[in-house]
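Residue numbers (the numbering used here): 606 to 821.
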Amino acid sequence: MTILPELYHKLYHAFGPQSWWPGDTPFEVAVGAILTQNTNWGNVEKAIFNLKKQGVLSAKAIHEMPPDDLALLIKPAGYFNIKAKRLKSFIDFLMNDFHGSMRRMKTGDMYSLRDKLLNVNGIGPETADSILLYALEKPVFVIDAYTKRVLSRHEIMEHDRPYEDFQKLFHSSLQTDVQLFNEYHALIVKVGKTFCKRRGPLCEKCPLHGLQYSHG
DNA sequence: TGCCAGGCCGGGT
DNA sequence: ACCCGGCATGGC
606 MTILPELYHK
616 LYHAFGPQSW
626 WPGDTPFEVA
636 VGAILTQNTN
646 WGNVEKAIFN
656 LKKQGVLSAK
666 AIHEMPPDDL
676 ALLIKPAGYF
686 NIKAKRLKSF
696 IDFLMNDFHG
706 SMRRMKTGDM
716 YSLRDKLLNV
726 NGIGPETADS
736 ILLYALEKPV
746 FVIDAYTKRV
756 LSRHEIMEHD
766 RPYEDFQKLF
776 HSSLQTDVQL
786 FNEYHALIVK
796 VGKTFCKRRG
806 PLCEKCPLHG
816 LQYSHG
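Here it is, written out as structure tokens:
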């Protein structure tokens with residue numbers, strides 16, 4: 606038993622449904638997951654807009670594009686050279702294993718897909734899980750900087766614990782439910798952006814202010 | 001104006 | 001198994 610269900614209800618009550626992920630298609634969601642690595646989402650939107658404007662937001666088009674051309678289009682997202690390479694690595698995998706189809710990828714088993722994604726250069730645990738949850742609708746919880754910060758600020762788990770420890774806590778505390786995992790992570794990002802900055806004290810206006818902890 | 005944003009890799013200890 | 005430098009733009 607942990608406080609995580611109560612935490613969810615407090616966030617949902619305060620902010621309501623978030624309806625993530627911003628993206629028109631599963632492929633767009635996967636691209637966004639890679640582009641947003643350590644990067645403001647607003648910059649990612651600019652990059653995706655450039656791809657759409659050029660009519661190249663597809664596996665085939667990006668697969669056939671020279672890396673330098675791709676880098677130029679995604680420039681607003683930052684780290685554009687390395688991200689161009691990472692996008693191409695992901696799309697190589699998508700082409701080789703699933704004929705470039707996210708719909709085919711979705712038919713795969715979650716754990717084998719996760720292992721395969723982690724073997725793609727440029728895809729770590731957060732990006733893999735974001736693709737699994739938000740693009741493929743697999744029930745896996747996404748841990749990000751906000752999740753670590755919010756939980757550690759409220760002394761639910763120490764900040765320097767590994768990704769897997771945070772993820773196991775969510776998995777063992779909640780029903781295995783795609784919609785729940787989706788909303789919960791989105792709500793954590795919401796409260797993190799609004800009240801839980803990297804610098805600064807705990808805000809008294811935060812809906813989680815005074816949250817008791819009773820884990821362990 | 002410096003700090004920060006929904007990480008990850010590769011090389012070194 | 002950790003630790004660290006590098007990667008880069010745009011908003012506040």
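Built from N, CA and C at the ideal position, the CB exists for glycine as well. For clarity, every value in this text was computed on a predicted model and none was experimentally measured.
In terms of residues, what are the limits of the alpha helix (DSSP H) holding residue i?
i, result
"Q642", "Looking at the DSSP string, Q642 is not in any alpha helix (DSSP H), and its letter there is neither H nor E."
"F620", "L609 to F620"
"P672", "P672 to L678"
"R758", "A750 to R758"
"L774", "Y768 to S778"
"A666", "A664 to E669"
What distance in whole Å lies between the Cβ atoms of residue j and residue i, which are believed to be in contact at a cut-off of 8 Å?
i, j, result
"I793", "T752", "5 Å"
"E742", "V783", "5 Å"
"V725", "S694", "5 Å"
"L656", "L678", "6 Å"
"F620", "K802", "In fact, because the Cβ distance is near 17 Å, the residues do not count as touching under 8 Å."
"A664", "F685", "19 Å between Cβ atoms; not a contact."
Under 7 Å between the Cβ atoms of residue i and residue j?
i, j, result
"K658", "P681", "no"
"G637", "G628", "yes"
"Y789", "V634", "no"
"I667", "I639", "no"
"R754", "G727", "no"
"S778", "L675", "no"
"P671", "A689", "no"
In chain order, what residues of the same chain lie with their CB nearer than 8 Å to the CB of residue i, ignoring the 5 residues before and after it?
i, result
"K615", "P812, L813 and L816"
"L718", "M710, L737, L741 and K743"
"H618", "P812"
"T712", "none"
Who are the near neighbours of residue i in its chain, counting only those whose CB is closer than 6 Å to its CB and skipping five residues on each side?
i, result
"W626", "V634 and Y739"
"Q772", "F746 and I748"
Note down, in chain order, each residue of its chain lying with its Cβ closer than 7 Å to the Cβ of residue i, except the 5 sequence neighbours on either side.
i, result
"E763", "S757"
"H776", "F746"
"V649", "G637, L640, T641 and A682"
"S624", "none"
"F800", "C808, K810 and C811"
"A733", "R719, L722 and L723"
"H820", "Caution is warranted here: a pLDDT of 46 is assigned to H820, below 50, making its placement in the model unreliable, and the coordinate value is therefore given only provisionally. Excluding sequence neighbours, H820 sits near T607, I608 and I761."
Legend entry - alpha helix (DSSP H) segments (min. 4 residues) lying fully within the stretch 704-740: 707-711, 715-723 and 730-735
Inset, instruction - Would you mind listing the alpha helix (DSSP H) stretches within the stretch 795-821 that are 4+ residues and don't spill past its ends, in chain order? - result: none
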